[in-house]
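Peer 1: Below is one structure. I have some questions about it.
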Amino acid sequence: MLVILIIKQKLFRYIIVLAILFGIAGLLFLLFQTTKTEGVLGKLTVTLDPGHGGVDGGTSDQQGNLEKNINLTIALKVRQQLQQSGVRVVLTRDRDTDLAPFIMGRTGRHRRDLLGRIKKALAARSFCLVSIHCDSSVDTGKQGAVVFYNYLSESSKELAGLIQEELNLVQDKPGDIAPGKYFIIRQKALTGVLVEVGFLSNPNDAIKLQSDQYQELLAGAISKGVLRYCRKALGNGE
Ligand SMILES: [Zn+2]
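Here it is, written out as structure tokens:
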């Protein structure tokens, strides 16, 4: 009887030791997988494009606050948050300037400016491009953030959906992604989306878009969406 008891105790100890060893092995595996993905994440470049700049102020609210400044402030916040996750970030502009070099020719300033932004994103071999804008409408009741995607690109639609999901967590009313014909996201070689962070024509949105706290929330949502898209594309997460 005593012998059986001793054997049982030993067996029990073996099982405990084995369980601990498996536990440690499992933890190491998880750690390795995460490090591997985060390591690959560091090889990805995301291009952020704060819309307008320089002579082009974009739209404005009733107080005269220009879209170009809000776009840039939010983009700089998104950059900071993405960099904290190890992603490389390129900005098409990091100050108040446009990207239309003065060239005599038939191409208009606006088109040259957009081409300059696309050229930067392509030169950086960007995994994706996120253009940041504020919307305006004659209907002052329209409000909230909407992400536009290239309807010819599945990856653009997927990225838009993930960013919209995150934005819907920080705004009063959930919005839906929409196909957009913007030149900047119609590039075949580039997965691009255009985020309209809110309506400057709506008094409520206009006030919120001036607040550092709300800008931070929007930036957090955009970067979370981008990170989810990157991790998913790398075959981890979701
Ligand atoms: Zn704009």
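First residue of the sequence shown? That's 13 in the numbering used here, and the numbers climb one at a time after it.
Where a beta carbon is used, it is the ideal one built from N, C-alpha and C, also for glycine.
Note that the coordinates shown come from a computational prediction; the quantities given were computed from them, not determined experimentally.
#1: Suppose the cutoff is 7 Å on Cβ atoms and the five residues either side in sequence are ignored; what does the same chain contact list for Gln183 look like?
#2: Cα-Cα, which of Gly210, Leu179, Leu141 is closest to Lys154?
#3: For Glu208, which beta-bridge partners are listed by DSSP?
#4: Tell whether a beta-carbon distance below 8 Å holds between Thr104 and Gln227.
#5: With contact counted as at least three CB pairs below 8 Å, one residue from each stretch, are the segment 83 to 101 and the segment 55 to 69 in contact?
#6: Measuring alpha carbon to alpha carbon, tell me which of Val150, Asp151, Cys146 ends up nearest Val159.
#7: Please report how far the alpha carbon of Phe34 lies from the alpha carbon of Arg25, in whole angstroms.
#8: Assuming Ile175 and Gly237 form a contact by the criterion Cβ under 8 Å, report the distance between their Cβ atoms to the nearest whole angstrom.
#9: May I ask you to check if the CB of Glu79 is nearer than 7 Å to at least one heavy atom of ligand 1?
#10: For Gly63, verify whether its CB is less than 7 Å away from any heavy atom of ligand 1.
#11: Using C-beta distances below 6 Å, list every residue in its chain close to Lys132, excluding the 5 sequence neighbours before and after it, in chain order.
#12: Does the segment 69 to 82 come close enough to the segment 201 to 217 to have 3 or more Cβ pairs within less than 8 Å?
#13: Using the Cβ count rule (16 or more neighbours within 10 Å means buried), how would you classify Ser165?
#14: By the 10 Å Cβ neighbour count, where 16 or more other Cβ atoms means buried, how is Arg91 classified, buried or exposed?
Peer 2: In short, the structure shows the following:
#1: Your numbering for residue 183 matches position 171 in the sequence shown. Answer for Gln183: Gly156, Ala157, listed in chain order.
#2: Here residue 154 is taken as the residue at index 142 of the sequence shown, counted from 1. Of Gly210, Leu179, Leu141, the residue nearest in Cα terms is Gly210.
#3: Walking along the sequence shown from the start, residue 208 turns up at place 196. DSSP, once it has assigned bridges, lists His145, Val158 as partnering Glu208.
#4: Within the sequence shown, residue 104 is the residue found at index 92, counting from 1. Within the sequence shown, residue 227 is the residue found at index 215, counting from 1. No, the pair does not count as a contact, with Cβ atoms beyond the cut-off.
#5: yes
#6: Along the sequence shown, read from residue 1 onward, the residue named residue 159 stands at position 147. Residue Cys146 is the option with its Cα nearest to Val159.
#7: Numbered from its first residue, the sequence shown carries residue 34 at position 22. Numbered from its first residue, the sequence shown carries residue 25 at position 13. The alpha-carbon atoms of Phe34 and Arg25 are separated by roughly 14 Å.
#8: Indexing the sequence shown from 1 puts residue 175 at position 163. Indexing the sequence shown from 1 puts residue 237 at position 225. Between Gly237 and Ile175 the Cβ distance is about 3 Å, and since that is below 8 Å, they are a contact.
#9: In the sequence shown, residue 79 corresponds to position 67, counting from 1. The answer is yes for Glu79.
#10: As a working mapping, residue 63 is identified with position 51 in the sequence shown. Checking every heavy atom of ligand 1 against the Cβ of Gly63, one is found closer than 7 Å.
#11: Numbered from its first residue, the sequence shown carries residue 132 at position 120. Once the five neighbours on either side are set aside, the close Cβ partners of Lys132 are Thr104.
#12: yes
#13: Residue numbering aside, residue 165 sits at position 153 when the sequence shown is read from its first letter. Buried, since its Cβ has 16 or more Cβ neighbours within 10 Å.
#14: The sequence position of residue 91 within the sequence shown is 79, counting from 1. Classification for Arg91: buried.
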